[in-house]
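**Student:** One structure coming up, written as structure tokens, with questions to follow.
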Amino acid sequence: MRLSTLPSSFARWGLAGLALGTLALLSGCDYNWWRMDGHQSTIKVAGPVARSQLEVFYVTCWVTLVIFILVGGVLAYATWKFRARTAAEEKAVPPEQGHGNPLIEVGLIGASVLALVIIAIPTLKGIFYTYDVPEDRKADLYEITATGYQWWFKFEYPSEQIAGAGALTTGNELVIPANRPVRINVRGADVIHSFWVPKLAGKVDMIPNRANFLWLEADQPGYYWGQCAEYCGDSHAVMRFRVVALGPKDFNDWLSQQTAPARNVAAPKLADSNAPKAQFAALRTFKQNETGISDKFDVAPLDAWKAKQFPEKGENPALIAQGKALFSTKACVSCHEVRGHGAVGISGPNLTHIGARSTLAAGVIENNPEQLQRWIHNPGAVKPGNKMAKGYVDNNIKLTAEDEVALVAYLQSLK
Amino acid sequence: MDAILKSDLHVKDGAAPAKSSVFWRPTAQTGLVSWLTTVDHKKIGFLYGIFALFFFLVGGVEALLIRLQLMFPNGTVLTAQQYNTMFTMHGTTMIFLAVMPLSAAFFNFMMPLQIGARDVAFPRLNAFSLWTFVAGAIIINLGWFMHDGAPDGGWVGYAPLTSKTFAPDHSIDMWVMGLQLLGVASIAASLNFIVTIINLRAPGMTMMRLPVFTWMTLITAFLIVLSFPFITIALVELMMDRLFGTNFFEVSNGGMPILWQHLFWVFGHPEVYILILPAMGIVSEILPTFSRKPLFGYPIVVFSGASIGFLGFSVWSHHMFTTGMGTMATAAFSLATMAIAVPTGVKIFNWIGTLWGGHISMRTPMMFALGFVWMFMIGGFSGVMHAAAPADAQQQDSYFVIAHFHYVLIGGSIFALLAGIHYWFPLMFGRKVSEFWGKLSFWVIFVGFNVTFFPMHFLGLNGMPRRTYTYDANLGWNTANFVATIGALILGVGIFIYFAVMAYTYFKGEKVGKDVWDARTLEWSLPNPPPEYNYRVIPTVHARDAFWYIKQNQAQIAKEEAEHAKAEADHGGIHMPFQSIYPFVASLGLLIAAIGIAVIDHDPSPGFWGKKIGTAMMGGAVMLIGIYFWALEGNEGYHLHLGEEGHDSSDKHAARH
């Protein structure tokens, strides 16, 4: 083989390898790369807004694919047909020095405009449809306010007013009624964040001093993954959340549970020597960025979420009481609210019913005792730069393993 | 480059002028001083290229670190903050310190040659642009060597994340001041190019005979002059907020974060065309040369370039479809953005028309240029997908966008710039890169690039947001990320081969004679490397592909040249500008001032004249001294008288007067 032909044979092998590799990957090495059916897929959508956006995407896809095949075909043909095959051909008399053809130009410009009109019409329709809840659905509208903080989401339900406490407030898990249009008023508290639940709707930015909103609707009850989509500082990547869509009865049950004050677990009498002793399992060490979500949320996430709504088995009232006391002595109360338990801080997420949420630290880790202790033990390792880690340092807060376990027991009891 | 380095053929016209004895006019032709004081557009272009390639390498290393971090879920190569710094600096570096200056290198080196000029209109201003660019690059990168670290606010620097409240250290100050200096450099350079193209064209070089690359230089220069003031304003406002507690973006005082986005993107979108139009210009030179046929539809290609430039100012808010602009604004910007696809498509049609019926020589520059057309087409199509605002609501800030703009910036700009380096290398240095290694590097780069960025379309559609340092394994992003990282490593190998071969060729490559590609534009009529004065006789242009015409009509041209040579000799010979150190001094002043403003802590104890303000003032003083001396030393030069035999290709034949 001549040396000078090596690059082109390399190219041929490279392209063949590329094609084979692509084929191998598409045929199922990864269960959902090609199918794009991950938890945050914009293709496997679950609501009318995301569906409308997807339809526009498909139009652009098909139109550009057709153009690509046509133009690319002509380009490939021209490159092949008119190439100089030998050195002699390269040195041959130059071809006719033509300067262009206005008729072809005008024709192609016309064709391009036409192709764009095909895209423009559904685009315009989509812009108006996805902007706000359609008039005929407004009677059914449910409104929620979502506020982005570094690095978590606050959700307020203006229609659920609680005497003396204002609107119902939760954090990082947005529970909505399924089959109803929901308008979400998005706000930014510090820097710009963006509210994005890919399966339900495209994103809208949460900009400080700006009243944005979006609407979405879940076709059926389900558990949806969301994530902040605007770079917002150190922990942007781990600023996530969930949307839980519930049927009418479940939603009402959830509302009445949430509007109630925090759950009390009757404390045992101080002298009760029969009270079970606290178990201090040593906290295992976690690797940097280690996943904290188990696969039960991949298999049957809504069931896993529902299971969290009920009190844990084997609660330890003594430990819970101890944790409740620590919650104020260790200054947790200055940032977090636990309605009915005297904790009224507002700079962190509302924890009144934290035990009933499926995730912690803004959707990053699963809400179970081990992960909760991981979070309390070293918040900065789960979410670099976050305020809770800073709060520990500023207030010189030290937690023993026993303190951590007690706090975990208390927080888990807040159903 | 030897001739540029060592050219010793200049001769002063009699005694040096009286003024030069007051103001030192350096004459060094070699060594550091010659480079610091040069006003030769070719040397300045060469320096732009060297700095740009250095930062291209730096940005590439940053990119590889990003890809290594994301190779597997829950990666631990970098911490969150390091990762955020890496993508901020990767974007800033590649756009402002690699692609723009590499384009500027070609503007500097080629544009005056293409229009038959001896230098740019303001040679010393050109030197000032170069050194101010270097000063800006230093300020932006200073953080790597400091406790505060390099900037980590994203290349778009969205307020209020970049405000004092959320970014209290100096890294953002350095980013702001660095970009300000780059803006000064870019605007000064662009004004220079505009004046040069309008005023210094050779006789007969009408606007509609300009080579397309020069046309794109002109349009790009106008885009820079018109768009950079917007980011200058935005950066001044941010700096005021950070230094003096004003309220432009300070939310707690009623500031408007959205204002930053509008100002930034009114600059930022034309910036995209600032990056791609020069690339289109290069490709529009290469395709005709290697098809041995004029560019198909030259007036339409030029006109569509200008249309892209105009429309580029009317679409900035398509970067803001998710900021809640309302239906009307969204619809208007959506349609305006789609409209840009028409002139862009027209360019592609005309490039194909250029190939049609030609004799295509498949040389390395042509491979890169064709690679450009294919990749740019793909990037253009995903661009149309973004233009459809509802679809963009899902794609915005996802990996789909990453895929899109790397197809237009690597597959587009970088491929064309790599093509340009290959294409003009023989002219610049008199040596030719081996076809074997050139083609090998092309294929490795081409495969690596596609393996890296094509999977990112799927990642984006599967919901992966950009600027995220980690992701969990259960989201279906693992394979695509792994493949992308492998691709990035292949791409890195390809780029390494490319530049290793370039470096080898510079020193040891095959020597070639004039016009190695049988090219069409005027710069190829020069011997290689071109002499300091470029054209021994200013050419007269008779046709659009001027050099092609010269080659076809040698008798007529020789007669004309002889007449012109005589006329020029009667006017005192070839006029050359003196070298000057003052542009460098002025840039140095800017660097010192920027360090004062951005880097040094404010220490209020010694009163107003603290270290910070003192340094800034001192820098300002140095700059003023530089500019005053620059003005006072005057724009004198000297005359060259070349002997009769000097029309040979080598400058050694030039006789001393």
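Protein sequence lines, in the order shown, are assigned to chains A and B. Everything in the first sequence is counted per the working numbering, starting at 1 for the first residue and increasing by one. Everything in the second sequence is counted per the working numbering, starting at 1001 for the first residue and increasing by one. Beta carbons are placed, not taken as given, at the ideal position from N, Cα and C, and that holds for glycine.
Please look up how many angstroms separate the CB atoms of P311/A and S413/A, rounded, as I've assumed it's under 8 Å.
**Tutor:** Counting from one through the first sequence, the residue named residue 311/A turns up at place 311. Counting from one through the first sequence, the residue named residue 413/A turns up at place 413. 7 Å between Cβ atoms; contact.
**Student:** Determine, using beta carbons only, whether F1145/B comes closer than 7 Å to chain A.
**Tutor:** Within the second sequence, the letter at position 145 stands for residue 1145/B. False, the Cβ-Cβ gap to chain A never drops below 7 Å.
**Student:** Excluding five sequence neighbours on each side, which residues of the same chain lie with their C-beta closer than 6 Å to the C-beta of P1203/B?
**Tutor:** To locate residue 1203/B, count along the second sequence from 1; it is residue 203. Once the five neighbours on either side are set aside, the close Cβ partners of P1203/B are T1540.
**Student:** Taking DSSP as the reference, what is the three-state secondary structure of A1159/B?
**Tutor:** Translated into the one-based positions of the second sequence, residue 1159/B becomes position 159. Looking at A1159/B - three-state DSSP - the assignment turns out to be coil, as it is neither helix nor strand.
**Student:** S112/A lies in the alpha helix (DSSP H); which residues open and close that run?
**Tutor:** What you label residue 112/A is simply residue 112 of the first sequence in a count that begins at 1. S112/A -> alpha helix (DSSP H) spans 102–131.
**Student:** Do S358/A and K429/A come within 7 Å of each other at the CB atom, strictly closer than that value?
**Tutor:** Look at the range of chain A in this structure, 1 to 415, and you will see that residue 429/A is not part of it.
**Student:** In terms of DSSP beta bridges, what is A146/A paired with?
**Tutor:** Taking the first sequence and counting its residues from 1, one reaches residue 146/A at position 146. Beta-bridge pairing links A146/A to F155/A, V186/A.
**Student:** By a C-beta neighbour count over all protein chains shown, 10 Å radius and 16 as the cutoff for buried, is E402/A buried or exposed?
**Tutor:** Your numbering for residue 402/A matches position 402 in the first sequence. Its Cβ having fewer than 16 others within 10 Å, E402/A is exposed.
**Student:** Between the beta-carbon of S1186/B and the beta-carbon of G1143/B, is there less than 7 Å?
**Tutor:** To locate residue 1186/B, count along the second sequence from 1; it is residue 186. To locate residue 1143/B, count along the second sequence from 1; it is residue 143. Their beta carbons are not under 7 Å apart, which means S1186/B does not touch G1143/B by this criterion.
**Student:** Pick out the complete alpha helix (DSSP H) segments inside the stretch 232–305 of chain A, 4 residues or longer, and give them in chain order.
**Tutor:** Complete alpha helix (DSSP H) runs here, min 4: 248–259, 296–299.
**Student:** For a test of the three-state rule: what should DSSP assign to N212/A, helix, strand or coil?
**Tutor:** Against the first sequence, residue 212/A aligns to sequence position 212. N212/A: strand per DSSP, three-state reduction.
**Student:** Compute the distance between the beta-carbons of W1477/B and Y1471/B, then report whether it is under 7 Å.
**Tutor:** One-based indexing of the second sequence puts residue 1477/B at position 477. One-based indexing of the second sequence puts residue 1471/B at position 471. Yes, Cβ-Cβ distance for W1477/B and Y1471/B is below 7 Å.
**Student:** For K1432/B, return the contacting residues in chain A, with the cut-off set at a CB-CB distance below 8 Å.
**Tutor:** Looking up residue 1432/B in the second sequence gives position 432. Chain A residues near K1432/B: none, gap ~14 Å exceeds 8 Å.
**Student:** To the nearest angstrom, report how far apart L1243/B and V1156/B are at their CA atoms.
**Tutor:** Within the second sequence, numbered from 1, the residue matching residue 1243/B stands at position 243. Within the second sequence, numbered from 1, the residue matching residue 1156/B stands at position 156. So the alpha carbons of these two residues sit roughly 20 Å apart.
**Student:** Would you identify the three-state DSSP class for D205/A, choosing helix, strand or coil?
**Tutor:** Along the first sequence, read from residue 1 onward, the residue named residue 205/A stands at position 205. Three-state DSSP puts D205/A in a strand.
**Student:** So is A237/A in contact with chain E if we call contact Cβ pairs under 7 Å?
**Tutor:** In the structure shown, chain E does not exist; the protein chains are A and B.
**Student:** Going along the chain, which unbroken runs of the alpha helix (DSSP H) with 4 or more residues stay wholly within the stretch 1294–1368 of chain B?
**Tutor:** Here the runs fully enclosed are 1298–1311, 1327–1355.
**Student:** What residues in the stretch 69–87 of chain A bring their beta carbon closer than 8 Å to a beta carbon of chain B?
**Tutor:** Cβ contacts with chain B: V71, G72, V74, L75, A78, T79, F82, R83, A84.
**Student:** Any beta carbon from chain B within less than 7 Å of G28/A's own beta carbon?
**Tutor:** By 1-based counting over the first sequence, the position of residue 28/A is 28. Below a pLDDT of 50, predicted positions are generally treated as unreliable, and G28/A, at 49, falls in that range; the measurement from the model is reported next regardless. Answer no: the Cβ-Cβ gap between G28/A and chain B never drops below 7 Å.
**Student:** Does the distance from the C-beta atom of F251/A to that of P177/A stay below 7 Å?
**Tutor:** As a first step, residue 251/A is located in the first sequence; it is residue number 251 there, counting from the start. As a first step, residue 177/A is located in the first sequence; it is residue number 177 there, counting from the start. Yes. Within cutoff.
**Student:** Show which residues of chain A have a CB atom less than 8 Å away from the CB atom of R1467/B.
**Tutor:** Numbered from its first residue, the second sequence carries residue 1467/B at position 467. Ordered by position in chain A, the residues that pass the 8 Å Cβ test against R1467/B are Y231, H236, A237.
**Student:** Among all the DSSP beta bridges, which residues are the ones paired with M1576/B?
**Tutor:** Position 576 of the second sequence holds residue 1576/B. For M1576/B, which the question treats as bridged, DSSP gives the partners Y1638/B.
**Student:** So, is the C-beta of N212/A closer than 7 Å to a C-beta in chain B?
**Tutor:** Counting from one through the first sequence, the residue named residue 212/A turns up at place 212. Yes, contact with chain B.
**Student:** Using a Cβ-Cβ cut-off of 6 Å (strictly less than) and excluding sequence neighbours within five positions of I1378/B, which residues of its own chain qualify?
**Tutor:** To locate residue 1378/B, count along the second sequence from 1; it is residue 378. Y1407, listed in sequence order.
**Student:** Taking the alpha carbon of A1586/B as the reference point, which residue from H1641/B, K1508/B, L1130/B has its own alpha carbon closest?
**Tutor:** Position 586 of the second sequence, counting from 1, holds the residue named residue 1586/B. The shortest Cα separation from A1586/B among H1641/B, K1508/B, L1130/B belongs to L1130/B.
**Student:** From what residue to what residue does the beta strand (DSSP E) around S997/B run?
**Tutor:** With chain B covering only 1001 through 1657, there is no way to say anything about residue 997/B.
**Student:** I'd like to know if the stretch 1571–1580 of chain B and the stretch 1626–1639 of chain B are in contact, where contact means that at least 3 CB-CB pairs between them fall below 8 Å.
**Tutor:** The stretch 1571–1580 of chain B is in contact with the stretch 1626–1639 of chain B.
**Student:** Output, in chain order, the set of chain A residues within a Cβ distance shorter than 9 Å of V1342/B.
**Tutor:** On the second sequence, residue 1342/B is found 342 positions in, with the first residue counted as 1. Per Cβ cutoff of 9 Å: I109, S112, V113, L116.
**Student:** My output table needs one value for Y1469/B: the three-state DSSP class, helix, strand or coil.
**Tutor:** Stepping through the second sequence from its first residue, residue 1469/B is reached at position 469. Looking at Y1469/B - three-state DSSP - the assignment turns out to be coil, as it is neither helix nor strand.
**Student:** If contact means a Cβ-Cβ distance below 8 Å, which residues of the stretch 1468–1493 of chain B contact chain A?
**Tutor:** Residues T1468, Y1469, T1470, Y1471, D1472, A1473, N1474, L1475, G1476, W1477, N1478, T1479, A1480, V1483.
**Student:** A1661/B and M1456/B look like a contact to me (Cβ under 8 Å); what is the Cβ gap, rounded to whole Å?
**Tutor:** Residue 1661/B lies beyond the stretch modelled for chain B, which goes from 1001 to 1657, so this question has no answer here.
**Student:** Going by CA-CA distance only, name the one from W1424/B, I1600/B, G1589/B, N1635/B that's closest to G1620/B.
**Tutor:** On the second sequence, position 620 is the one that residue 1620/B refers to. Of the candidates W1424/B, I1600/B, G1589/B, N1635/B, the one whose C-alpha sits nearest the C-alpha of G1620/B is G1589/B.
**Student:** Measuring only between beta-carbons, confirm whether V1501/B sits less than 7 Å from chain A.
**Tutor:** Indexing the second sequence from 1 puts residue 1501/B at position 501. Not closer than 7 Å to any Cβ of chain A, the Cβ of V1501/B fails to qualify, so no.
**Student:** Nearest chain B C-beta to T145/A closer than 7 Å, yes or no?
**Tutor:** Residue 145/A sits at position 145 when you count from the first residue of the first sequence. No, no contact with chain B.
**Student:** Could you give the DSSP three-state label for I397/A: helix, strand or coil?
**Tutor:** Mapped onto the first sequence, residue 397/A falls at position 397. Here I397/A sits in coil by DSSP.
**Student:** For F1109/B, which three-state DSSP category applies?
**Tutor:** Sequence index remark: in the second sequence, residue 1109/B carries index 109 (1-based). Three-state DSSP puts F1109/B in a helix.
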